[in-house]
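Engineer: One structure follows; several queries about it will come next.
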Amino acid sequence: MNFKIYVQYIYSHVFKERNNCPVDKGIFQFYDDLFRIYGTEIDFTPLLKGNNNSFINMSDLLISKLIKSKGTTYLNPDLLIIAYSTPDINPANSTTSYLNYRYKWTAQAFGVTNQGAFSPFTSFEIIANYFSCSNFKQALLILLEQNTFPRMKLEEEIINQDFGCILLLTKDSSPIRLLHIQNESIKTIRNSVIDIEFLLDKYSISNETINVVTNNNELFKRLGIQNVILHNNFTCLTPFFEFCKYSNSNSSIKHFLIHFQDESQSSVLLFEKS
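To convert a position in the sequence shown, counted from 1, into my numbering, add 1.
In structure tokens, the structure reads:
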């Protein structure tokens with residue numbers, strides 16, 4: 002795939018404050034009706050005690066930071082994607098439609114979900130396809146997770162806070178460029194090692210000039226890469242907090258790789274800093 006994608010802006014935020022707006026009672030009825038037919042017990046405690054941050058509220062704050070940095074004139078996305086692992090607190094919300102309406106955009110807008118931690122990888126692949134096959138020049142990608150939602154009882158909490166990350170991606174040159182996207186099915190761990198080795202060789206990347214965020218530390222140990230951050234959370238956002246810190250730092254490390262793998266799929270994003 003022939004594409005040019007540059008990161009013009011990236012910002013991440015942890016939403017620690019509670020939104021005191023009351024929860025719509027219709028949400029309780031919606032989930033109760035939805036899960037009753039499956040005989041599934043739903044725990045509404047998080048809905049009553051959580052921070053109650055909706056994707057609309059979270060997106061508004063992230064976009065306000067972007068507008069403060071870039072201004073409203075520059076920001077005119079052709080493509081708007083909301084990607085997440087956990088659902089919005091209110092299933093009646095259509096976040097992308099709201100954002101298009103509020104900011105007077107005409108972006109092609111949709112959400113990417115039901116893929117767990119793979120949703121950002123799919124989103125980048127979608128953006129790359131649009132950039133390579135159309136006249137789209139600007140994409141706004143918003144990654145969101147929130148823990149205020151009713152769910153099946155779990156042995157442990159998977160997500161313990163609300164957080165978000167916003168990326169403005171364009172064809173215009175900037176210091177950080179997306180070099181490579183890889184989403185594929187795998188059969189063995191060794192297949193993944195071969196793919197990563199090929200990737201490093203293809204772009205002439207040495208072990209000392211790359212940072213890695215992965216959920217498979219052993220994979221990169223075999224390759225002798227030392228700058229590895231391990232994340233075991235299924236949420237899609239953990240690696241992008243690290244990428245945000247890297248992007249906004251003066252690090253001399255030239256490459257940043259985000260990797261996530263489960264028993265059936267392996268995905269990679271490789272960025273280069275000039």
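Heads up, the beta-carbon is just placed ideally off N, CA and C, and yes, glycines get one too.
On a predicted model such as this, the values are computed, not experimentally measured, just so you know.
My parser needs the beta strand (DSSP E) runs of 3 or more residues fully inside the region 67 to 120; what are they?
Structural biologist: Segments of the beta strand (DSSP E) lying fully in the region 67 to 120: 80 to 85, 109 to 113.
Engineer: Given a threshold of 16 other Cβ atoms within 10 Å of its Cβ, counted over all protein chains shown, does Ser-70 qualify as buried or as exposed?
Structural biologist: Under this definition Ser-70 is an exposed residue.
Engineer: Out of Phe-119, Glu-219, Cys-166, which one is the CA nearest neighbour of Leu-62?
Structural biologist: Of the listed residues, the one whose Cα sits closest to Leu-62 is Cys-166.
Engineer: Just mark Asp-79 as buried or exposed, buried being the case when its beta carbon has 16 or more other beta carbons within 10 Å.
Structural biologist: Buried, because 16 or more other Cβ atoms sit within 10 Å of the Cβ of Asp-79.
Engineer: Roughly how far, in whole angstroms, is the beta-carbon of Asn-101 from the beta-carbon of Leu-81, given that I think they are within contact range, below 8 angstroms?
Structural biologist: At roughly 7 angstroms, the Cβ-Cβ gap stays under 8 angstroms, so Asn-101 and Leu-81 are in contact.
Engineer: Using the C-alpha atoms, what's the distance from Thr-87 back to Lys-17?
Structural biologist: If you take the alpha carbons of Lys-17 and Thr-87, they lie about 17 angstroms apart.
Engineer: Compare the C-alpha of Phe-257 against each of Ile-43, Ser-13, Val-269 and name the closest.
Structural biologist: For Phe-257, the nearest C-alpha among the options comes from Val-269.
Engineer: State the Cα-Cα distance for the pair Asn-217 and Tyr-85, rounded to the nearest angstrom.
Structural biologist: Straight-line Cα distance between these residues: approximately 21 angstroms.
Engineer: Just the C-alpha distance for Leu-48 and Gln-262, rounded to the nearest angstrom, thanks.
Structural biologist: Going from the Cα of Leu-48 to the Cα of Gln-262 covers about 31 angstroms.
Engineer: Residues in the same chain with beta-carbon distance under 6 angstroms from Glu-157, minus the five sequence neighbours each way, listed in chain order, please.
Structural biologist: Any reading at Glu-157 must be qualified, since the residue scores a pLDDT of 48, below 50, and its modelled position is unreliable; no value is offered.
Engineer: Do the CB positions of Leu-145 and Ile-83 come within less than 9 angstroms of each other?
Structural biologist: Cβ atoms of Leu-145 and Ile-83: closer than 9 angstroms.
Engineer: On the premise that Val-8 lies in contact with Ser-248, defined as a C-beta separation below 8 angstroms, what is that separation, rounded to the nearest angstrom?
Structural biologist: About 6 angstroms separates the two Cβ atoms, so the contact holds.
Engineer: Any idea if Leu-220 is buried or exposed, counting beta-carbon neighbours within 10 angstroms, 16 or more meaning buried?
Structural biologist: Buried: at least 16 other Cβ atoms inside 10 Å.
Engineer: Go through the region 199 to 248 residue by residue and report every complete run of the beta strand (DSSP E) that reaches 3 residues or more, in order.
Structural biologist: Listed in chain order, the complete beta strand (DSSP E) runs (minimum 3 residues) inside the region 199 to 248 are 211 to 215, 229 to 231.
Engineer: When we look at the beta-carbon of Leu-155 and count the other beta-carbons within 10 Å, is it buried (16 or more) or exposed?
Structural biologist: Since pLDDT at Leu-155 reaches only 47, below the 50 mark, its modelled position is unreliable, and no value is offered.
Engineer: Looking at the secondary structure, which residues open and close the beta strand (DSSP E) in which Ile-167 lies?
Structural biologist: Segment 163 to 171, the beta strand (DSSP E) holding Ile-167.
Engineer: In the DSSP assignment, the alpha helix (DSSP H) including Arg-37 goes from what residue to what residue?
Structural biologist: It spans 26 to 37 - the alpha helix (DSSP H) in which Arg-37 sits, taken as one unbroken run.
Engineer: Under DSSP, the beta strand (DSSP E) around Gln-139 begins and ends at which residues?
Structural biologist: Taken as a continuous stretch (DSSP letters only), the beta strand (DSSP E) holding Gln-139 covers 139 to 146.
Engineer: Compare the C-alpha of Phe-111 against each of Ser-133, Lys-105, Phe-122, Ile-143 and name the closest.
Structural biologist: Nearest option by C-alpha distance: Ile-143.
Engineer: Would you identify the three-state DSSP class for Glu-273, choosing helix, strand or coil?
Structural biologist: Reduced to three states, the DSSP call for Glu-273 is strand.
Engineer: Anyone know if the C-beta pair for Ile-177 and Ser-275 falls short of 9 angstroms?
Structural biologist: Cβ atoms of Ile-177 and Ser-275: closer than 9 angstroms.
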